[in-house]
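Everything on this sheet refers to the single structure shown next.
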Amino acid sequence: MMQSRVDWTLIAFPLNGVVPKVRVVSVWLLSILAFVLMTPVHAEPSIAPGLTLEAFGKQVFSDRRFSASGQTSCRSCHKPEFGFSDHRAVSIKDDGTATALSTPALFNMKQKIGFFSLHPVFSLKAAVERCFKRNQNIDETDIYGVLERDAGLSRFAIHNFGRASADVVYQSVAAYLKTIQTSNSRYDRYRQGELSALTYSEQSGMVLFEQKGCIYCHSGREMGGMAYSNSIDTHVNRDVQVLRLRNLSLTAPYFSDGSAQTLSEAIYRMSKRYSATPVSQSDLEKIRLFLLSNESSISDFEGPVRYENER
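So for the sequence shown, this note's numbering puts the first residue at 384; every next one is plus one.
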């Protein structure tokens, strides 16, 4: 029967210069066992070694570990099924408090020149960082801890950036968001010369939209998002980024405070505030139909956006 302990005296001072082989093997096995027991155990890698920066960012976007409570992620507020916006007037942050403004949609971010209506920034990575800190209530140290506890995340960060850090997360999520793009809408096709892409009523609504001056703020391919203007929120007067008028059927409620529940209500309130003559019910409906012609599918780097659950 093998001895339960090793005679260290014989190992250190062998008789006649000969080390008993069985005891050398025993020490070797014990050394291996001690090394294994003392080595920290990481979680199984959650991503493949060849994962792209965008795919890493997409995983983080839905990962609830990147929040103080472990209960929310980026997609808790930016829901793909609502055009990466929220279906509530304002979203609920990780600490249970409400956001100051309604959650904006996140598609076509490469076409935007600024982010946030209050205290805007002009870097998408900086915008991502602010969201993690203010809405997810998680800072650089917390993010580093999440990375360190997941061998797959750590391996990816070290392989691509030389070290695991919060900056890896910010850059990756920003890279993913830039891949979320819309296809051409019927309005896009009309602007490209396909005049039959819009119905007569929709073309009439487009003319009214221009005549009433809406086009001055809601301009360009995105019909907005390029300027700041005074809001018509219910209780607060403030400058906000002009809403992009694309995929509006997905992104209700409207305005920066989410106070307009329907698109018709939003059009009426805008007309009443900014137009010299109030919009009639007939004209309102034509404008509504025109705006809804600017609907299109949403894809990311993997193809059409899927509505997976948060992790």
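Positions of the beta carbon are idealized from the N, C-alpha and C atoms, including for glycine.
Handout entry: Helix, strand or coil at Gln494 according to DSSP, with G and I counted as helix
Key = helix
Exercise for the section: Please name the residue in Cys460, Phe515 and Cys597 whose C-alpha comes closest to that of Ala488. Expected result: Cys460
Problem - Euclidean distance between Cα positions of Asp525 and Glu693 - result: 19 Å
Practice task
State buried or exposed for Asp533, treating a residue as buried only when at least 16 other CB atoms are found within 10 Å of its CB.
Solution key: buried
Problem - Same chain, Cβ closer than 7 Å to Glu678, neighbours up to 5 away in sequence not counted - result: Ser568, Asn630 and Ser632
Practice task
Measure the alpha-carbon distance for Ser537 versus Val504 and round it to whole angstroms.
Solution key: 29 Å
Problem - Local conformation of Thr422 per DSSP, three classes - result: Confidence at Thr422 is low in this model, with a pLDDT of 36, below 50, so the placement of that residue should be treated as unreliable; the coordinate-derived value is given next. Three-state DSSP puts Thr422 in coil, outside helix and strand.
Exercise for the section: Specify the secondary structure class of Ile475 as computed by DSSP and reduced to three states. Expected result: strand
Handout entry: Three-way DSSP call (helix, strand, coil) for Asp550 in this model
Key = helix
Problem - Min CB distance Gly588 to chain C below 8 Å - result: In the structure shown, chain C does not exist; there is a single protein chain.
Handout entry: Uninterrupted beta strand (DSSP E) stretches inside the segment 659-692 (no shorter than 3 residues)
Key = 681-683
Problem - For Gly588 and Phe439, the rounded distance between their alpha carbons - result: 43 Å
Problem - Selection from Ile681, Phe498, Asp666 and Gln594 that minimises the alpha carbon distance to Val623 - result: Phe498
Handout entry: Rounded separation between Gly686 and Pro661 - CA only
Key = 43 Å
Practice task
Report the residue ranges of all beta strand (DSSP E) runs contained in full by the segment 593-649; include only those spanning at least 3 residues, in chain order.
Solution key: 611-613 and 622-624
Handout entry: Residue interval of the alpha helix (DSSP H) (run including Val511)
Key = Leu507 to Arg517
Practice task
Please report the residue range of the alpha helix (DSSP H) in which Ala540 lies.
Solution key: Ala534 to Phe544
Exercise for the section: Take the Cβ of Gly535 as the centre, count every other Cβ of all protein chains shown within 10 Å, and call the residue buried at 16 or more, exposed below. Expected result: buried
Problem - Of the listed residues Ala509, Thr634 and Ile521, nearest to Ser555 (C-alpha basis) - result: Ala509
Problem - Classification of Gln519 by the beta-carbon crowding that lies within 10 angstroms, buried from 16 upward - result: buried
Exercise for the section: Quick one: residues in its chain with C-beta nearer than 6 Å to the C-beta of Lys493, no 5 flanking neighbours on either side, listed in chain order? Expected result: Lys561
Problem - Cα-Cα separation between Glu605 and Leu628, rounded to whole angstroms - result: 7 Å
Practice task
Could you pull out every residue in the same chain whose Cβ sits closer than 6 Å to the Cβ of Ser450, ignoring the five residues on either side in sequence?
Solution key: Asp477, Gln519 and Ile521
Exercise for the section: Could you check the C-alpha separation between Ala580 and Val625 for me, to the nearest Å? Expected result: 26 Å
Practice task
Figure out for me which residue from Ile650, Val619, Leu674 and Val688 has the closest Cα to the Cα of Leu484.
Solution key: Val619
Practice task
Report the rounded CA-to-CA distance for Ser656 versus Asp616, giving the unit in angstroms.
Solution key: Per the sequence shown, the amino acid found at residue 656 is Arg instead of Ser. Their Cα atoms are separated by approximately 11 Å.
Handout entry: Nearest-angstrom Cα separation, counted from Gln594 out to Tyr553
Key = 42 Å
Handout entry: Collapsed DSSP secondary structure at Val407 in the structure displayed
Key = The predicted position of Val407 is uncertain, since its pLDDT is 38 and thus under 50; a value taken from the coordinates is nonetheless stated next. In this structure, Val407 counts as helix in the three-state DSSP scheme.
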